[in-house]
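Remarks on the structure that follows.
Residue numbers (the working numbering), protein chains in the order written: chain A, 1 to 112; chain B, 1001 to 1115.
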């Protein structure tokens, strides 16, 4: 399978702490995207990082990309209870497959 | 903008019945796709379209049919429902295919149960 693989599968932290989620993927990418899904809802795009970028920031989110290791990480700083959700990475491969390959996600619980 | 809309929100079918899940977007996006989400499996692509009149298969296309007669609409048809098709279905759209660097906008999903 070419799906991204998130690690850990589940993460529980206290409000105010930082949360780090990791993603590994299979082959060369054009970009890698991170999405959030609140329980029972559709996915919401968080951030996109291109293959020639190493780090990107958006508010409290920081994404890194290491193409040599075929991995990415998502850091959420100063977490809030509202950050409780599942987080998915989705690599867009260079194969011309015209789609994203979502992993099974990391379930983040932020305890107030 | 309404974004991506899906109907119905919930549906129960009996084995062998057929139905169409509706998806529409008002953002003039060329790329549209259908995913199913099952516990422990992540999202898997069923079919996608890069523009009106053009569709292609994704990872799990069997038992599903799509067409794209307009830019706005991308219905998903279940030909003869099976219990294995019990899932949550998401429609998504973007300006162009994801490898070109555009985010996807997701609908709220349709929860389908086949008995």
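Where a beta carbon is used, it is the ideal one built from N, C-alpha and C, also for glycine. Fair warning: this is a prediction, and the values are worked out from it, not measured in the lab.
Reduced DSSP secondary structure (H/G/I, E/B, other) of residue 5 of chain A = strand
So, is residue 1012 of chain B buried or exposed, given that buried needs 16 or more other C-beta atoms within 10 angstroms?
-> exposed
For residue 1026 of chain B, the three-state DSSP class (helix, strand or coil) | coil
Are the C-beta atoms of residue 105 of chain A and some chain B residue less than 8 angstroms apart?
-> yes
Chain B contact residues for residue 42 of chain A, given Cβ-Cβ distances below 7 angstroms | 1090, 1106, 1107, 1108 and 1109
With a threshold of 16 other CB atoms inside 10 Å of the CB of residue 29 of chain A, please say whether the residue is buried or exposed.
-> buried
Comparing alpha-carbon positions, which option in A/103, A/61, A/42 and A/52 lies nearest residue 83 of chain A?
-> A/61
Taking the alpha carbon of residue 1093 of chain B as the point to measure from, which residue in B/1035, B/1083 and B/1112 has its own alpha carbon closest?
-> B/1035
Extent of the continuous beta strand (DSSP E) run through residue 1119 of chain B | The structure shown does not extend to residue 1119 of chain B, since chain B spans only 1001 to 1115, so no value can be given for it.
According to the Cβ coordinates, are residue 1048 of chain B and residue 99 of chain A closer than 8 angstroms?
-> yes
Where residue 81 of chain A sits in the DSSP three-state scheme | helix
Please report the Cβ distance between residue 1014 of chain B and residue 1115 of chain B, rounded to the nearest whole angstrom; I am assuming they are in contact, meaning their Cβ atoms lie under 8 angstroms.
-> 6 angstroms
For residue 1072 of chain B and chain A, any beta-carbon pair shorter than 8 angstroms?
-> no
Inter-stretch contact at 8 angstroms, needing at least 3 Cβ pairs: the stretch 89-96 of chain A / the stretch 14-32 of chain A = yes
Any idea which residues DSSP pairs residue 1042 of chain B with across the strands?
-> B/1038
Just the C-alpha distance for residue 37 of chain A and residue 52 of chain A, rounded to the nearest angstrom, thanks.
-> 27 angstroms
Determine the DSSP secondary structure at residue 1084 of chain B, reduced to helix, strand or coil.
-> helix
When DSSP labels each residue in this structure, what does residue 17 of chain A get in the three-state scheme?
-> coil
Measure the alpha-carbon distance for residue 1095 of chain B versus residue 1031 of chain B and round it to whole angstroms.
-> 6 angstroms
Same chain, Cβ closer than 7 angstroms to residue 17 of chain A, five either side skipped, listed in chain order = 79
Quick one: give me the first and last residue of the beta strand (DSSP E) that residue 1079 of chain B is part of.
-> Looking at the DSSP string, residue 1079 of chain B is not in any beta strand (DSSP E), and its letter there is neither H nor E.
Spell out whether any CB of chain B is found under 8 angstroms from the CB atom of residue 85 of chain A.
-> no
Would you say residue 48 of chain A faces chain B, with C-beta separation under 8 angstroms as the test?
-> yes
Rounded to a whole number of angstroms, what is the C-alpha to C-alpha distance between residue 104 of chain A and residue 1046 of chain B?
-> 16 angstroms
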